[in-house]
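Contents: one structure, followed by commentary.
Protein chains: 2
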Amino acid sequence: MSKTFEKKGLTKKSDNISEWYHDVVLRAELAEYSDVKGCMIIRPNGYAIWEKAQAVLDSWFKQGGIQNVYFPIFIPMSMFEKEKEHVEGFSPELAVVTHAGGEELAEPLAVRPTSETVITQKFADWIQSHRDLPMKLNQWCNVVRWEKRTYPFMRTSEFLWQEGHTAHADRVDAAKMVLEALEWYRKFYEEYFAISTYVGLKSRGETFAGADETYSIELVMPDGKALQAATSHYLGEHFAKAFNVQFLDSEGNKQNVHQTSWGFSTRAIGGLVLTHGDDSGLVVPPEVSRIQVVILPVNNKEPETEQKALAVSKEIAGKLNLAGIRVFVDSDFKSSLGQKINKWELQGVPVRFEIGTKERQKEKVHYVRRDNFESNNEEISFGNVVESTKKLLEQIQADLLAKSKLAKETQTAEAENYDDFKEIITNKRSFVRVLWCESVECEAKIKAETKATARVCELKDLNEAIGGKCFACGEKADRHWLFAQSY
Amino acid sequence: MSKTFEKKGLTKKSDNISEWYHDVVLRAELAEYSDVKGCMIIRPNGYAIWEKAQAVLDSWFKQGGIQNVYFPIFIPMSMFEKEKEHVEGFSPELAVVTHAGGEELAEPLAVRPTSETVITQKFADWIQSHRDLPMKLNQWCNVVRWEKRTYPFMRTSEFLWQEGHTAHADRVDAAKMVLEALEWYRKFYEEYFAISTYVGLKSRGETFAGADETYSIELVMPDGKALQAATSHYLGEHFAKAFNVQFLDSEGNKQNVHQTSWGFSTRAIGGLVLTHGDDSGLVVPPEVSRIQVVILPVNNKEPETEQKALAVSKEIAGKLNLAGIRVFVDSDFKSSLGQKINKWELQGVPVRFEIGTKERQKEKVHYVRRDNFESNNEEISFGNVVESTKKLLEQIQADLLAKSKLAKETQTAEAENYDDFKEIITNKRSFVRVLWCESVECEAKIKAETKATARVCELKDLNEAIGGKCFACGEKADRHWLFAQSY
Numbered sequence: 001m002s003k004t005f006e007k008k009g010l011t012k013k014s015d016n017i018s019e020w021y022h023d024v025v026l027r028a029e030l031a032e033y034s035d036v037k038g039c040m041i042i043r044p045n046g047y048a049i050w051e052k053a054q055a056v057l058d059s060w061f062k063q064g065g066i067q068n069v070y071f072p073i074f075i076p077m078s079m080f081e082k083e084k085e086h087v088e089g090f091s092p093e094l095a096v097v098t099h100a101g102g103e104e105l106a107e108p109l110a111v112r113p114t115s116e117t118v119i120t121q122k123f124a125d126w127i128q129s130h131r132d133l134p135m136k137l138n139q140w141c142n143v144v145r146w147e148k149r150t151y152p153f154m155r156t157s158e159f160l161w162q163e164g165h166t167a168h169a170d171r172v173d174a175a176k177m178v179l180e181a182l183e184w185y186r187k188f189y190e191e192y193f194a195i196s197t198y199v200g201l202k203s204r205g206e207t208f209a210g211a212d213e214t215y216s217i218e219l220v221m222p223d224g225k226a227l228q229a230a231t232s233h234y235l236g237e238h239f240a241k242a243f244n245v246q247f248l249d250s251e252g253n254k255q256n257v258h259q260t261s262w263g264f265s266t267r268a269i270g271g272l273v274l275t276h277g278d279d280s281g282l283v284v285p286p287e288v289s290r291i292q293v294v295i296l297p298v299n300n301k302e303p304e305t306e307q308k309a310l311a312v313s314k315e316i317a318g319k320l321n322l323a324g325i326r327v328f329v330d331s332d333f334k335s336s337l338g339q340k341i342n343k344w345e346l347q348g349v350p351v352r353f354e355i356g357t358k359e360r361q362k363e364k365v366h367y368v369r370r371d372n373f374e375s376n377n378e379e380i381s382f383g384n385v386v387e388s389t390k391k392l393l394e395q396i397q398a399d400l401l402a403k404s405k406l407a408k409e410t411q412t413a414e415a416e417n418y419d420d421f422k423e424i425i426t427n428k429r430s431f432v433r434v435l436w437c438e439s440v441e442c443e444a445k446i447k448a449e450t451k452a453t454a455r456v457c458e459l460k461d462l463n464e465a466i467g468g469k470c471f472a473c474g475e476k477a478d479r480h481w482l483f484a485q486s487y
Numbered sequence: 001m002s003k004t005f006e007k008k009g010l011t012k013k014s015d016n017i018s019e020w021y022h023d024v025v026l027r028a029e030l031a032e033y034s035d036v037k038g039c040m041i042i043r044p045n046g047y048a049i050w051e052k053a054q055a056v057l058d059s060w061f062k063q064g065g066i067q068n069v070y071f072p073i074f075i076p077m078s079m080f081e082k083e084k085e086h087v088e089g090f091s092p093e094l095a096v097v098t099h100a101g102g103e104e105l106a107e108p109l110a111v112r113p114t115s116e117t118v119i120t121q122k123f124a125d126w127i128q129s130h131r132d133l134p135m136k137l138n139q140w141c142n143v144v145r146w147e148k149r150t151y152p153f154m155r156t157s158e159f160l161w162q163e164g165h166t167a168h169a170d171r172v173d174a175a176k177m178v179l180e181a182l183e184w185y186r187k188f189y190e191e192y193f194a195i196s197t198y199v200g201l202k203s204r205g206e207t208f209a210g211a212d213e214t215y216s217i218e219l220v221m222p223d224g225k226a227l228q229a230a231t232s233h234y235l236g237e238h239f240a241k242a243f244n245v246q247f248l249d250s251e252g253n254k255q256n257v258h259q260t261s262w263g264f265s266t267r268a269i270g271g272l273v274l275t276h277g278d279d280s281g282l283v284v285p286p287e288v289s290r291i292q293v294v295i296l297p298v299n300n301k302e303p304e305t306e307q308k309a310l311a312v313s314k315e316i317a318g319k320l321n322l323a324g325i326r327v328f329v330d331s332d333f334k335s336s337l338g339q340k341i342n343k344w345e346l347q348g349v350p351v352r353f354e355i356g357t358k359e360r361q362k363e364k365v366h367y368v369r370r371d372n373f374e375s376n377n378e379e380i381s382f383g384n385v386v387e388s389t390k391k392l393l394e395q396i397q398a399d400l401l402a403k404s405k406l407a408k409e410t411q412t413a414e415a416e417n418y419d420d421f422k423e424i425i426t427n428k429r430s431f432v433r434v435l436w437c438e439s440v441e442c443e444a445k446i447k448a449e450t451k452a453t454a455r456v457c458e459l460k461d462l463n464e465a466i467g468g469k470c471f472a473c474g475e476k477a478d479r480h481w482l483f484a485q486s487y
């Protein structure tokens, strides 16, 4: 009875990962398209994952002294234009309100694509002295960036995120904040989403519009493409100068503040789906799964058996629930066992228990791990169900991470020269690690020829000074960088 | 040292409640105006109260089987126009996006003022059979209603809220949901905000655009005006008909779903400020206060005393913290004790501890209750600090509610005739309870003449059938209603 049923109509992941992704997102009821171009409806299964991420990250932010706030969704166009690079970077993507309350507005309002401008403007009011620093704010909100091509979760015209904005007395303190945020993101991906990441500095060409430096978390997707999964920016004094945010230091001198901003969005859910999902649908790591164990009472089409199986299932669910395990008993006897198995596998619930006459007699639960069907036909005795289930969930979480680590390593190649690089980018599903010159022109040429860009210089490689030659242009190159095509 | 310092420049609540409210909101750092007309910045002190409300209500929603989702902020104008009363009610307040991504849009997009339309449209896809019902969704989000006159928290062009949207097989099940949501709101106001409320049905003239019936929570403000503090609507089949949401009942017949929607917004924070605040600033009930106890070590201007007082303060804070009490030690010795007292009183922290040499020697904390300065010069012994503080916080919470109940009762008068009614509405800060005919014309006349409207027919009065005469027009009247001017 542990047979895994074929998901009718679900594209195979290995056949066409893009179609498979759409199928899974829709059929596992994570999200759905709306009538507005590029805007997505996040359904309960998808939103539950987002709530988990919010809860974990928000608690870390609070421990780190970050305070939550809420700034308006509308930004006057004039304010937006104060930081030159920033407005150049974002204006092609803005949605603009021109009418409100039945009248044309004197000044059009941008729907926020990000809030550096409005928050920095308030920093100017709130920060006078070094004693007001650091000031560390965050907001959980929606933002809008009008995209030409959209893709559920990965690239949508409206998305949900958190944006942290902080002001510091000097570069050193700001840099610490940039890395702290980055570490929260890395840790979240690893410990909750069970995804091993690359963490590092972005190239000049990929730096946030208005920032001195951008750091990011990059995920290696199964097709070898990179997903930029969170970013943390050192804004330097750019916005402080544009908005005149100065403070008196302890010696009475006026100084510009040094700012940071950092964000994590619903895009992360797309990364989760692509990383762990398989031909049967979604695979959700236990730590972030709304339901960790689904129990299917098996009735053998007899009402009496049905009641007995249901009673035992509920008893076991009660024990698990008391121990803090999120469990659900599927008592829908109008659907067949096969339909139910299909449904829960599609939704990616980590563990399925099946309890029928045989299990009741043996006083053992028959279980199936969603992440590893090979592990089928395993059993857990009723008496030990809480401890064994806890261990099982921990094991699944650890195994998913190990698998992700292995995939990341397997999908990272080294290239000595441009020909090798092109061969790998074109034919292998892989990141490529190369010694690179870091010039904007060189990156543009590589991108034009291979669609690949520099993803990051890993933190561990940042202080290299190799003094070698660039794999692509032959100029001087000091550090190793990871290149890939990207989502 | 327990002297309460005068708040320089803070308007007295009794002198001018509107000015006092603005002063407190700004100076207690709850919120601030933005550059966009009627849009507000919610600062950490304000947002922390909102987060408390979210956490409590969301846990109740989840226990009630409500699932969180997220729908797009943009609604195509054509969809908005499908429910006639609804669009008539909301179109004067819409903000409209006409351009996005550098181009004029083929169809303008409304920024959501509420989401009945887009959610009902999806109900049509998701609901086929009676087995899909009830469907109970909620979202926490921002909405925009372009207001002519705005007032922080109370009436802003953009605000934060939750909107619950449910579909049911019949009127009875929907009606149960309407009352369940209403009860969550009542309980929240009473148990967390320590505010006694009126709960009941709205008049026809005050019913939500597109609903059959609207129920609401009404607060009696200190100036006798009503604050509509949360609403719950029975939408009947209006939206189901407009969007064709039908299901097959158990006998195979097509039926329209019966819908509800219900919302609670950041406006609640305005009600909290007005209800409990006083001439020294904000008063926040312990249940929702970010900091419940602030400890001020008193240094007598000697560095040695300072260190000793600080050490004892931290020790006590550690104990309270372990017991789950939210405590903060204000170790800012650069500000005077008076400045610090002013600051924390302004921010409404429920309890202040002062610990100096005398307290260390007596091993007793000197404390001051924010809600009742008369209770000054009380002491708690160090050895018993956790238990005593817990009791103290509970007592404050209970006392604030009792005070609110008394105020509500004192500020509710009865009127037999229209002259009495006008006298009360004009000269007394009060709600008026009257026997009323419930006609739209009668209410319009009363409003034109007195600015008062029917607030609610309390749940307990709903099934009256008194057969008396309307206080205003003399026509037949069956039920008692509460009237007041409103925010």
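Those protein sequence lines, which keep their order, are chains A and B.
Mapping of the first sequence onto my numbering: position 73 corresponds to residue 73, and the numbering continues sequentially without gaps.
Mapping of the second sequence onto my numbering: position 109 corresponds to residue 109, and the numbering continues sequentially without gaps.
C-beta: ideal position from N, C-alpha, C; glycine also.
None of the values given here were measured: they were computed from a predicted structure.
(1) Confirm, please, whether the CB-CB distance from HIS168/B to LEU133/B is below 8 Å.
(2) For my contact list, MET177/B and ARG267/B are in at a C-beta cut-off of 8 Å; report their separation, rounded to the angstrom.
(3) What number of angstroms, rounded off, separates the C-alpha of THR275/B from the C-alpha of GLN411/B?
(4) Output the boundary residues of the alpha helix (DSSP H) element that contains PHE188/A.
(5) Is there a C-beta anywhere in chain A that falls below 8 Å from the one on ARG155/B?
(6) So with Cβ pairs under 8 Å, would you call SER2/B a contact of chain A?
(7) CA-CA distance, PHE239/A and ILE17/B?
(8) Helix or strand or just coil, what does DSSP make of PRO134/A?
(9) With DSSP collapsed to three states, give me the class of GLY383/A.
(10) Are the Cβ atoms of GLN218/A and VAL386/A separated by less than 8 Å?
(11) List the endpoints of the continuous beta strand (DSSP E) containing ASN256/A.
(12) Any beta carbon of chain A sitting closer than 8 Å to that of ASP272/B?
(13) Distance check for TRP344/A and LYS405/A, CA to CA, integer angstroms please.
(14) So is LEU105/A buried or exposed if we call it buried at 16+ other beta carbons inside 10 Å?
(15) With DSSP run on the structure shown, which of helix, strand or coil describes GLU354/B?
(16) Would you kindly check if the distance between the Cβ of GLN121/B and the Cβ of GLN139/B is under 8 Å?
(17) What are the residues in the stretch 76-106 of chain A lying within 8 Å of chain B by C-beta distance?
(18) Give me the Cα-Cα distance between GLU6/B and ALA211/B, rounded to the nearest whole angstrom.
(19) Taking DSSP as the reference, what is the three-state secondary structure of CYS473/B?
(20) Skipping 5 residues on each side, what residues in its chain have a beta carbon closer than 8 Å to that of LYS308/A?
(21) Check distances from the C-beta atoms of the stretch 156-172 of chain B to those of chain A and list, in chain order, the residues that come in under 7 Å.
(22) Sorted by chain position, which residues of the same chain lie with C-beta nearer than 6 Å to THR4/A's C-beta, five sequence neighbours on each side aside?
(23) How about VAL434/A: is its C-beta nearer than 8 Å to some C-beta of chain B?
(24) According to DSSP, simplified to helix, strand and coil, what is ALA48/A?
(25) Mapping the DSSP letters down to three states, classify ALA53/B as helix, strand or coil.
(26) Check whether the Cβ atoms of GLU464/A and SER439/A sit closer than 8 Å, and answer yes or no.
(27) Flag GLN485/B as yes if its beta-carbon sits less than 8 Å from any beta-carbon of chain A, otherwise no.
(28) Go ahead and label VAL172/A buried or exposed: buried means 16 or more other beta carbons lie within 10 angstroms of its beta carbon, across all protein chains shown.
(29) With DSSP run on the structure shown, which of helix, strand or coil describes TYR215/B?
(30) What residue range is occupied by the uninterrupted alpha helix (DSSP H) comprising CYS492/A?
(31) Indicate the three-state DSSP secondary structure (helix, strand or coil) for PRO297/B in the structure shown.
(32) Taking C-beta pairs closer than 7 Å, name the residues in chain B that GLN489/A reaches, listed in chain order.
(33) How about ASP330/B: is its C-beta nearer than 8 Å to some C-beta of chain A?
(34) Answer yes or no: does any C-beta atom of chain B fall closer than 8 Å to that of TYR70/A?
(35) Within 8 Å (strictly less), CB to CB, does LEU322/A reach chain B?
(36) Could you compute how far the alpha carbon of GLN442/A sits from the alpha carbon of GLN339/B?
Let's see:
(1) yes
(2) That belief does not hold up - the Cβ atoms of MET177/B and ARG267/B are roughly 22 Å apart, past 8 Å.
(3) 13 Å
(4) 171-191
(5) no
(6) Here SER2/B scores only 33 on pLDDT, less than 50, and its place in the model should not be relied on; the value that follows carries that caveat. It does not; no Cβ of chain A falls within 8 Å.
(7) 39 Å
(8) coil
(9) In the structure shown, GLY383/A adopts helical secondary structure according to DSSP, grouped into three states.
(10) Reading the sequence as shown, one finds Glu at residue 218/A and not Gln. Contact: no.
(11) 254-256
(12) Per the sequence shown, the amino acid found at residue 272/B is Leu instead of Asp. Chain A contact via Cβ: absent.
(13) Going by the C-alpha atoms only, they are around 26 Å apart.
(14) Around the beta carbon of LEU105/A, 16 or more other beta carbons sit within 10 angstroms, so the residue counts as buried.
(15) In this structure, GLU354/B counts as strand in the three-state DSSP scheme.
(16) Taking 8 Å as the cut-off, the Cβ atoms of GLN139/B and GLN121/B do not count as close.
(17) PRO76, MET79, SER91, PRO92, GLU93, LEU94, ALA95, VAL96, VAL97, THR98, HIS99, ALA100, GLY101, GLY102
(18) Low per-residue confidence applies at GLU6/B: pLDDT is 46, beneath 50, and the placement is therefore not dependable, though the value from the model is reported in the following sentence. Using only the alpha carbons, I get a separation of about 49 Å.
(19) coil
(20) THR357, ARG360
(21) Contact annotation: in the stretch 156-172 of chain B, residues whose CB is within less than 7 Å of a CB in chain A are GLU158, LEU160.
(22) Interpretation of THR4/A is limited by its pLDDT of 39, a score under 50 that renders its predicted location unreliable; the figure taken from the coordinates is listed afterwards. Same-chain partners within the cutoff: PHE373.
(23) no
(24) If DSSP states are grouped into helix, strand and coil, ALA48/A belongs with the helices.
(25) helix
(26) no
(27) no
(28) exposed
(29) strand
(30) No answer is possible for residue 492/A: it lies beyond the span of chain A, which begins at 1 and ends at 487.
(31) strand
(32) Because residue 489/A is not part of the residues shown, which for chain A are 1 to 487, the question remains open.
(33) no
(34) yes
(35) no
(36) For the sequence presented, residue 442/A should be read as Cys rather than Gln. Near 59 Å, if we compare the C-alpha coordinates of GLN339/B and CYS442/A.
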